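Enquirer:
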Amino acid sequence: MDLTKMFKKEREEILSLDIGSRAAKIALISLSKGKTELLKYAIKEFGAEELQHEDRILREFIIDFIRTNSILQKEIMITLQDPDSLIIKRVSLPSVPENETREALSWEIKNDIPFDLGRAQIDWQTIDEYTDTEGAKRKDLMLACAKNELVERYLNIAKGIGLNVIDIKSPPFDLAYILERIEGAKEGAVAVLDVGAIGSNFSIYKNSKLSFIRALPFSSEAITTSMSGTILSDTGRIELTKEKADEIKKEFGIPHDPNQVLVDGIKAIQIISLIRPILERLVSEIKRSIDYCVTSYEAEAPKVMYIIGGGSNLKGLKEYLKEELAFDVYNLRSGDFISINETLKRDQFDSDSAQLINVLSAGLSLQKRPSLLPYEYRTEKAESFQKMSLRLVTITAAALFVFSLIAVRAQVADYKNRVKNAKMHLEIIDKINEINEKIIERGALIAEIKADRIPPGWILKELCNLVPAAGLLDGIVIDRKDDILILTGHIICKKQDAQDELSAFMKALEESCLFDEAILRSSNRTLCQGRDASKFEIRCELADWDGAGWK
73 MDLTKMFKKE REEILSLDIG SRAAKIALIS LSKGKTELLK YAIKEFGAEE LQHEDRILRE
133 FIIDFIRTNS ILQKEIMITL QDPDSLIIKR VSLPSVPENE TREALSWEIK NDIPFDLGRA
193 QIDWQTIDEY TDTEGAKRKD LMLACAKNEL VERYLNIAKG IGLNVIDIKS PPFDLAYILE
253 RIEGAKEGAV AVLDVGAIGS NFSIYKNSKL SFIRALPFSS EAITTSMSGT ILSDTGRIEL
313 TKEKADEIKK EFGIPHDPNQ VLVDGIKAIQ IISLIRPILE RLVSEIKRSI DYCVTSYEAE
373 APKVMYIIGG GSNLKGLKEY LKEELAFDVY NLRSGDFISI NETLKRDQFD SDSAQLINVL
433 SAGLSLQKRP SLLPYEYRTE KAESFQKMSL RLVTITAAAL FVFSLIAVRA QVADYKNRVK
493 NAKMHLEIID KINEINEKII ERGALIAEIK ADRIPPGWIL KELCNLVPAA GLLDGIVIDR
553 KDDILILTGH IICKKQDAQD ELSAFMKALE ESCLFDEAIL RSSNRTLCQG RDASKFEIRC
613 ELADWDGAGW K
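For the record, in the sequence shown the residue sitting at position 37 is 109 according to our numbering, with numbers rising by one throughout.
(1) Suppose contacts are defined by Cβ-Cβ distances below 7 angstroms. Is Lys97 in contact with Ile115 by that definition?
(2) Look at the Cβ atom of Phe30, then the Cβ atom of Lys375, and state whether they are nearer than 7 angstroms.
(3) Between which residues of its own chain and Val431 is the CB-CB distance below 8 angstroms, once the five residues before and five after are set aside?
(4) Do you know offhand how far Leu386's Cα is from Ser584's?
(5) Can you tell which of Pro442, Lys161 and Ile270 has its C-alpha closest to the C-alpha of Ser384?
(6) Going residue by residue through the segment 253-301, where are the continuous alpha helix (DSSP H) segments of at least 4 residues, counting only ones entirely within it?
(7) Mind checking Lys488: buried by the 16 CB within 10 Å criterion, or exposed?
(8) Using CA coordinates, which residue listed in Leu438, Pro244 and Arg552 is at the minimum distance from Asp616?
(9) Are the CB atoms of Leu158 and Ala218 within a distance shorter than 7 angstroms?
(10) Is the segment 271-291 in contact with the segment 323-340, if contact means three or more CB pairs nearer than 8 angstroms?
(11) What alpha helix (DSSP H) runs, 4 residues minimum, are completely inside the segment 122-208?
(12) Enumerate in chain order the residues of its own chain whose CB-to-CB distance from Glu201 is below 6 angstroms, with the five nearest sequence positions on each side excluded.
(13) Please determine, among Asn236, Ser361 and Leu222, the residue with the shortest C-alpha to C-alpha distance to Ser275.
(14) Taking the straight line between their C-alpha atoms, what separation do you get for Gly407 and Glu414?
(15) Can you tell me where the beta strand (DSSP E) holding Lys116 begins and where it ends?
(16) In or out: Asp127 buried (at least 16 other Cβ within 10 Å) or exposed?
(17) Over the uninterrupted beta strand (DSSP E) stretch that includes Lys241, give me the two end residues.
(18) Nearest-angstrom Cα distance between Tyr249 and Ser437?
(19) Using CA atoms only, rank isn't needed, just tell me which of Asp204, Leu189, Ala580 and Pro244 is closest to Glu221.
(20) Let me confirm a value: Cys365 is counted as buried when at least 16 other C-beta atoms fall within 10 Å, else exposed. Which label applies?
(21) Helix, strand or coil for Lys417 per DSSP?
(22) Would the segment 142-156 and the segment 225-243 be scored as touching if the rule is three or more Cβ pairs under 8 angstroms?
(23) Quick one: give me the first and last residue of the alpha helix (DSSP H) that Lys316 is part of.
(24) Might you give, ordered along the chain, the residues of its own chain that have their beta carbon closer than 6 angstroms to the beta carbon of Ser595, omitting 5 neighbours on each side?
(25) In terms of alpha-carbon separation, which member of Leu111, Gly232 and Ser93 lies closest to Glu132?
The structure is reproduced here in structure tokens:
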């Protein structure tokens, strides 16, 4: 009997906490009668000094919100965002039973996760099941993996102020439950750009399920930094501090009219020239992400994108992306999918709406996977009930214990044998799964060799070894028809060193057994990541391969 089901009930109200890199958001949400309503909320932005005492500041923020609003609710959901301790990854596995998926996942990702899986919370969501070209059944999963250290840190904060954590969530998964409520977004492919203070996430959803995610080097803070520096205006030299640049960013955003005079004689064209490189890179990374998703997973390209996060308030960003990406771009606001209590100030809510997406979406994903809450917390109430029941049973059974001792010992011996047999069966199954994976890998390699093709994996591994330290590849095209490899990218260094780096790279390509003659098609100076660089295109022939070796 699953005693945890006895404690599942329709919650009328719940607290939701979203912890970001530069701010925390908390909300009181009503879930009664199938209606989701925002009752109260608060936002706390962390200053540079406060970040050094984040746990204490966060604890005080939660306590103040509860006291100010006289909240009696003790159950809370927590949303985590930490790129160093929380990994989201798409994984393809053989179609194994659900109870074997965790072990198969751990084996598959053990070399891709930069921390100990034995001290991490793992959960997943199945997004596709299919039969591959070899006739084997497979399934694609979106995995969420978080360090225990991160999870326990915020669990301890909540428990320390008397709150009961009922779930821990990851925003990219929760957003799917928002898209379900938006007409035109719940079916087909939809993109979401979450612009944060120090980073952004680009996600693609298929039929309201997360199917692709990638971190992008774009943020609100990066825009401010790119605008800072010395500018020559009609009134002379102006030193734009970060504070002044942030004011201009908030007031004017991405100027539409390049001839517009902003403040202190600064023209819009000057600001545009400063932020253009980072905006162009954002567009380039979005296009590359879409191309990768479509090519790698035979996915449908999104025709619409929603922008969320505090950075989505940047004026002109939506219009700029719509023009550059050539598809519809919208700002997603909390009022699009949730009711707002009439006691809230509407003007203030509209201003804060973009920052509240994640804290509110968590409420919509309650009791849905994936969940990063440790198992012992999920069953805490059920275990308390079980302990009480066991005490009563022990007292009642005390008089019968002596007479049943022999029978119990016999049963224990029987169960030990069963457990021993079960362990043996599991070990055999693990070995079979391992052999099956090796057979599949060998089959794929044989297929490549029979097709007289150099396996793409070999090419990519070789390029990883040959690309110079100052190099950054933007594109790799393998033309199987003409056996041509086309590389585009940047050499990030001074002009006088760039030619030497390119020459050394081309020489290394020609000396590789995988490639023949390398030709530099183009090379010109540009900026990459805000630094001097040479943009290049190299074309080289793939070495002749007869399936058994190089000719």
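Ideal Cβ placement from N, Cα and C applies to all residues, glycine included.
Since the model is a prediction, treat every value here as computed from it, not as a measurement.
Expert: Put simply:
(1) yes
(2) This structure does not reach residue 30, given that the chain is present from 73 up to 623, and the question cannot be answered.
(3) Ser88, Leu89, Asp90, Lys97, Ile98, Ala99, Tyr113 and Thr151
(4) 47 angstroms
(5) Ile270
(6) 292-299
(7) exposed
(8) Arg552
(9) yes
(10) no
(11) 126-140 and 170-181
(12) Lys211
(13) Ser361
(14) 12 angstroms
(15) Glu109 to Glu117
(16) exposed
(17) Asn236 to Lys241
(18) 6 angstroms
(19) Leu189
(20) buried
(21) coil
(22) yes
(23) Lys314 to Phe324
(24) Ser606 and Phe608
(25) Gly232
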